[in-house]
Amino acid sequence: MMSAIDLLSRARAFLLDFDGPIAALMPSPANELAAREARRPLMGVDLPLEIESASDHLAVLRWARLNADDATSLAVEAACTEVEIDAAGKCDPSPTGARLFELASELDIPIAVVSNNSTLSVHVFLDRVGWLDQVDVLACRTPETVDLIKPSPHLLRIAADALRIPIEDTVFVGDSVSDVIASKAAGCPVLGLAKNERRRMELVGGGADQVISLNAAAF
(Lines of atoms letter the chains of each structure in order from A and count residues from 1; the text may use other names and numbers.)
(Lines give C-alpha, C1' and ligand atoms only; values in the text may rest on other atoms or scores of the structure.)
Protein backbone atom coordinates (compact mmCIF):
# COMPACT_ATOMS: atom_id res chain seq x y z
CA MET A 1 0.00 0.00 0.00
CA MET A 2 1.40 3.41 -0.97
CA SER A 3 1.81 6.12 1.66
CA ALA A 4 -0.61 9.00 2.05
CA ILE A 5 1.85 11.48 0.56
CA ASP A 6 2.48 9.20 -2.42
CA LEU A 7 -1.26 8.85 -3.01
CA LEU A 8 -1.76 12.60 -2.85
CA SER A 9 1.30 13.42 -4.94
CA ARG A 10 0.08 11.26 -7.84
CA ALA A 11 -3.19 13.18 -8.14
CA ARG A 12 -3.96 15.83 -10.73
CA ALA A 13 -6.59 17.34 -8.41
CA PHE A 14 -7.79 17.07 -4.82
CA LEU A 15 -11.44 16.43 -4.11
CA LEU A 16 -11.95 17.30 -0.45
CA ASP A 17 -14.81 16.53 1.86
CA PHE A 18 -15.69 19.56 3.98
CA ASP A 19 -16.77 18.52 7.47
CA GLY A 20 -13.75 16.69 8.86
CA PRO A 21 -10.89 17.16 6.37
CA ILE A 22 -11.33 20.95 6.14
CA ALA A 23 -13.53 22.10 9.01
CA ALA A 24 -14.53 20.83 12.44
CA LEU A 25 -18.05 21.93 11.58
CA MET A 26 -20.19 20.52 14.37
CA PRO A 27 -18.33 18.99 17.30
CA SER A 28 -20.55 17.77 20.12
CA PRO A 29 -22.89 19.16 21.36
CA ALA A 30 -23.35 21.35 18.25
CA ASN A 31 -24.24 18.29 16.17
CA GLU A 32 -27.03 17.34 18.57
CA LEU A 33 -28.46 20.85 18.51
CA ALA A 34 -28.35 20.82 14.70
CA ALA A 35 -30.24 17.53 14.57
CA ARG A 36 -32.85 18.98 16.90
CA GLU A 37 -33.33 21.97 14.60
CA ALA A 38 -33.59 19.64 11.59
CA ARG A 39 -36.42 17.78 13.35
CA ARG A 40 -38.34 20.96 14.11
CA PRO A 41 -40.29 20.98 10.79
CA LEU A 42 -41.21 17.35 11.54
CA MET A 43 -43.05 18.14 14.78
CA GLY A 44 -46.18 16.02 14.90
CA VAL A 45 -44.68 13.40 12.59
CA ASP A 46 -44.24 9.90 14.00
CA LEU A 47 -40.48 9.48 13.66
CA PRO A 48 -38.61 6.19 14.05
CA LEU A 49 -36.48 6.01 17.18
CA GLU A 50 -33.20 6.23 15.27
CA ILE A 51 -34.28 9.56 13.74
CA GLU A 52 -35.88 10.90 16.91
CA SER A 53 -32.59 10.31 18.74
CA ALA A 54 -30.16 11.00 15.86
CA SER A 55 -27.28 13.40 16.49
CA ASP A 56 -26.64 13.76 12.74
CA HIS A 57 -28.82 16.40 11.09
CA LEU A 58 -28.12 14.86 7.67
CA ALA A 59 -29.66 11.58 8.83
CA VAL A 60 -32.81 13.55 9.61
CA LEU A 61 -32.66 15.20 6.20
CA ARG A 62 -32.28 11.89 4.36
CA TRP A 63 -35.24 10.44 6.25
CA ALA A 64 -37.40 13.48 5.51
CA ARG A 65 -36.56 13.35 1.82
CA LEU A 66 -37.67 9.72 1.64
CA ASN A 67 -40.69 9.87 3.92
CA ALA A 68 -42.09 13.40 4.17
CA ASP A 69 -44.01 15.45 1.61
CA ASP A 70 -42.08 17.86 -0.58
CA ALA A 71 -42.91 20.98 1.42
CA THR A 72 -41.81 19.40 4.70
CA SER A 73 -38.67 17.96 3.13
CA LEU A 74 -37.72 21.40 1.80
CA ALA A 75 -38.33 22.90 5.24
CA VAL A 76 -35.99 20.34 6.79
CA GLU A 77 -33.36 21.11 4.16
CA ALA A 78 -33.68 24.83 4.87
CA ALA A 79 -33.29 24.18 8.60
CA CYS A 80 -30.16 22.13 7.92
CA THR A 81 -28.72 24.88 5.77
CA GLU A 82 -29.40 27.46 8.47
CA VAL A 83 -27.61 25.51 11.21
CA GLU A 84 -24.71 24.72 8.87
CA ILE A 85 -24.24 28.39 7.99
CA ASP A 86 -24.27 29.30 11.67
CA ALA A 87 -21.67 26.63 12.44
CA ALA A 88 -19.53 27.63 9.45
CA GLY A 89 -19.36 31.16 10.80
CA LYS A 90 -17.59 30.13 13.97
CA CYS A 91 -16.08 26.62 13.70
CA ASP A 92 -12.35 25.89 13.61
CA PRO A 93 -10.39 24.57 10.64
CA SER A 94 -9.39 20.92 10.91
CA PRO A 95 -5.71 20.11 11.56
CA THR A 96 -5.46 18.56 8.09
CA GLY A 97 -7.09 21.47 6.28
CA ALA A 98 -4.18 23.87 6.03
CA ARG A 99 -1.80 21.09 5.01
CA LEU A 100 -4.09 19.90 2.21
CA PHE A 101 -4.35 23.41 0.77
CA GLU A 102 -0.61 23.91 1.16
CA LEU A 103 0.15 20.63 -0.60
CA ALA A 104 -2.19 21.40 -3.48
CA SER A 105 -0.36 24.70 -3.92
CA GLU A 106 3.02 22.94 -3.86
CA LEU A 107 1.82 20.46 -6.49
CA ASP A 108 0.11 23.23 -8.50
CA ILE A 109 -3.14 21.27 -8.77
CA PRO A 110 -6.76 22.40 -8.35
CA ILE A 111 -9.09 21.73 -5.44
CA ALA A 112 -12.78 20.86 -5.45
CA VAL A 113 -14.76 20.70 -2.23
CA VAL A 114 -17.30 17.88 -2.34
CA SER A 115 -19.70 17.99 0.56
CA ASN A 116 -23.07 16.83 1.82
CA ASN A 117 -23.24 20.18 3.58
CA SER A 118 -24.87 23.10 1.83
CA THR A 119 -23.02 25.16 -0.74
CA LEU A 120 -23.80 28.32 1.23
CA SER A 121 -22.25 27.03 4.45
CA VAL A 122 -19.09 25.82 2.72
CA HIS A 123 -18.74 29.19 1.00
CA VAL A 124 -19.15 31.03 4.31
CA PHE A 125 -16.41 29.00 6.00
CA LEU A 126 -13.91 29.14 3.14
CA ASP A 127 -14.36 32.89 2.80
CA ARG A 128 -13.99 33.43 6.54
CA VAL A 129 -10.70 31.53 6.84
CA GLY A 130 -9.24 32.89 3.59
CA TRP A 131 -9.28 29.67 1.55
CA LEU A 132 -12.06 30.50 -0.90
CA ASP A 133 -9.75 31.76 -3.63
CA GLN A 134 -7.83 28.47 -3.54
CA VAL A 135 -10.92 26.41 -4.37
CA ASP A 136 -11.76 25.89 -8.03
CA VAL A 137 -15.07 24.02 -7.68
CA LEU A 138 -17.77 23.63 -5.04
CA ALA A 139 -19.79 20.44 -5.51
CA CYS A 140 -22.00 20.57 -2.44
CA ARG A 141 -25.59 19.97 -1.39
CA THR A 142 -28.40 22.10 -2.78
CA PRO A 143 -32.13 21.66 -2.21
CA GLU A 144 -32.25 19.94 -5.61
CA THR A 145 -29.49 17.40 -4.91
CA VAL A 146 -30.53 15.97 -1.53
CA ASP A 147 -31.23 12.64 -3.25
CA LEU A 148 -27.71 12.63 -4.69
CA ILE A 149 -25.48 13.35 -1.73
CA LYS A 150 -22.85 10.83 -0.67
CA PRO A 151 -22.75 7.82 -0.59
CA SER A 152 -23.97 8.51 -4.12
CA PRO A 153 -20.99 9.23 -6.41
CA HIS A 154 -22.91 12.09 -8.09
CA LEU A 155 -21.17 15.05 -6.42
CA LEU A 156 -17.73 13.54 -7.00
CA ARG A 157 -18.48 13.13 -10.69
CA ILE A 158 -19.82 16.68 -10.88
CA ALA A 159 -16.57 17.95 -9.34
CA ALA A 160 -14.28 16.01 -11.66
CA ASP A 161 -16.31 17.03 -14.71
CA ALA A 162 -16.16 20.69 -13.66
CA LEU A 163 -12.38 20.42 -13.27
CA ARG A 164 -12.14 18.65 -16.67
CA ILE A 165 -9.94 15.97 -15.10
CA PRO A 166 -10.67 12.23 -15.31
CA ILE A 167 -11.92 11.17 -11.89
CA GLU A 168 -9.41 8.32 -11.72
CA ASP A 169 -6.65 10.97 -11.85
CA THR A 170 -7.94 12.73 -8.73
CA VAL A 171 -7.89 11.70 -5.08
CA PHE A 172 -10.79 12.17 -2.68
CA VAL A 173 -10.07 12.92 0.97
CA GLY A 174 -12.90 12.00 3.33
CA ASP A 175 -13.51 10.86 6.89
CA SER A 176 -16.57 8.60 6.67
CA VAL A 177 -17.50 5.23 5.27
CA SER A 178 -20.03 6.94 2.99
CA ASP A 179 -17.12 8.94 1.53
CA VAL A 180 -15.28 5.70 0.74
CA ILE A 181 -18.41 4.14 -0.80
CA ALA A 182 -18.96 7.21 -2.98
CA SER A 183 -15.36 7.36 -4.14
CA LYS A 184 -15.25 3.67 -5.00
CA ALA A 185 -18.49 3.95 -6.96
CA ALA A 186 -17.06 6.93 -8.84
CA GLY A 187 -13.74 5.20 -9.58
CA CYS A 188 -11.75 7.65 -7.50
CA PRO A 189 -8.82 6.81 -5.17
CA VAL A 190 -9.60 7.78 -1.59
CA LEU A 191 -7.54 8.84 1.41
CA GLY A 192 -9.42 8.24 4.65
CA LEU A 193 -9.01 10.44 7.70
CA ALA A 194 -9.83 8.64 10.94
CA LYS A 195 -10.83 10.40 14.15
CA ASN A 196 -10.20 7.26 16.21
CA GLU A 197 -9.18 3.62 15.93
CA ARG A 198 -12.73 2.42 15.34
CA ARG A 199 -13.15 4.80 12.40
CA ARG A 200 -9.77 3.74 11.03
CA MET A 201 -10.91 0.12 10.97
CA GLU A 202 -14.19 1.11 9.30
CA LEU A 203 -12.40 3.08 6.59
CA VAL A 204 -9.91 0.29 5.97
CA GLY A 205 -12.72 -2.23 5.85
CA GLY A 206 -14.62 -0.03 3.41
CA GLY A 207 -11.71 -0.09 1.00
CA ALA A 208 -9.90 3.22 1.52
CA ASP A 209 -6.59 3.26 -0.36
CA GLN A 210 -4.82 4.71 2.68
CA VAL A 211 -5.93 5.92 6.12
CA ILE A 212 -4.24 8.46 8.38
CA SER A 213 -5.26 10.32 11.53
CA LEU A 214 -7.74 13.17 11.16
CA ASN A 215 -5.44 15.13 13.46
CA ALA A 216 -2.41 14.74 11.20
CA ALA A 217 -1.01 18.16 10.34
CA ALA A 218 1.94 16.74 8.42
CA PHE A 219 1.96 14.03 5.76
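Residues in the sequence shown are numbered from 42 upward in steps of one, following the working numbering. The beta-carbon is built from N, C-alpha and C at its ideal position, and this holds for glycine as well.
Counterpart residues of residue i in DSSP-defined beta bridges
{"i": "D181", "result": "According to the sequence as given, residue 181 is Cys; it is not Asp. The partner list for C181 (beta bridge, DSSP) reads S156."}
{"i": "Q251", "result": "L232"}
{"i": "F213", "result": "L56, V231"}
{"i": "D133", "result": "A65"}
Whole-Å CB distance - residue i paired with residue j, under 8 Å assumed
{"i": "L234", "j": "P62", "result": "6 Å"}
{"i": "S219", "j": "K236", "result": "S219 to K236, Cβ: 15 Å. No contact."}
{"i": "N256", "j": "P136", "result": "5 Å"}
{"i": "A52", "j": "D210", "result": "7 Å"}
{"i": "A75", "j": "V154", "result": "Not really, about 19 Å apart at Cβ, beyond 8 Å."}
{"i": "V212", "j": "L48", "result": "6 Å"}
{"i": "R106", "j": "D168", "result": "About 28 Å separates the two Cβ atoms, so there is no contact after all."}
{"i": "S50", "j": "L148", "result": "7 Å"}
Cβ shell of residue i (< 7 Å), same chain only, five flanking positions each side left out
{"i": "L141", "result": "F55, L57, P62, V214"}
{"i": "A120", "result": "E78, A79, R81, P82"}
{"i": "V165", "result": "I126, A129, G130"}
{"i": "E243", "result": "V218"}
{"i": "I199", "result": "A180"}
{"i": "P194", "result": "A223, A226, A227"}
{"i": "G171", "result": "none"}
{"i": "E93", "result": "none"}
Contact set for residue i: own chain, Cβ-Cβ below 8 Å, skip 5 residues either direction
{"i": "S146", "result": "Q175"}
{"i": "T183", "result": "S159, T160"}
{"i": "V221", "result": "G215, V231, G233, L244, G247, G248, A249"}
{"i": "S69", "result": "S96"}
{"i": "L173", "result": "H164, L167"}
{"i": "E91", "result": "A100"}
Beta-carbon contacts of residue i that lie in its chain and below 6 Å, excluding the five residues immediately before and after
{"i": "F59", "result": "V154, S156, N158, V163"}
{"i": "D133", "result": "A65"}
{"i": "A139", "result": "none"}
{"i": "H98", "result": "A75, A76, A79, C121"}
{"i": "I208", "result": "A201, A227, G228, C229"}
Cβ-Cβ distance between residue i and residue j below 8 Å
{"i": "I253", "j": "A45", "result": "yes"}
{"i": "A65", "j": "V86", "result": "no"}
{"i": "E73", "j": "S96", "result": "yes"}
>> Does the segment 100-108 come into contact with the segment 68-83, if we say contact requires no fewer than three beta-carbon pairs (one atom in each stretch) closer than 8 Å?
In response: Three or more beta-carbon pairs drawn from the segment 100-108 and the segment 68-83 are found closer than 8 Å, and the two stretches are therefore classed as touching.
> Below 8 Å, can you find three or more Cβ-Cβ pairs linking the segment 176-186 to the segment 201-210?
Replying inline: Verdict: yes, contact present.
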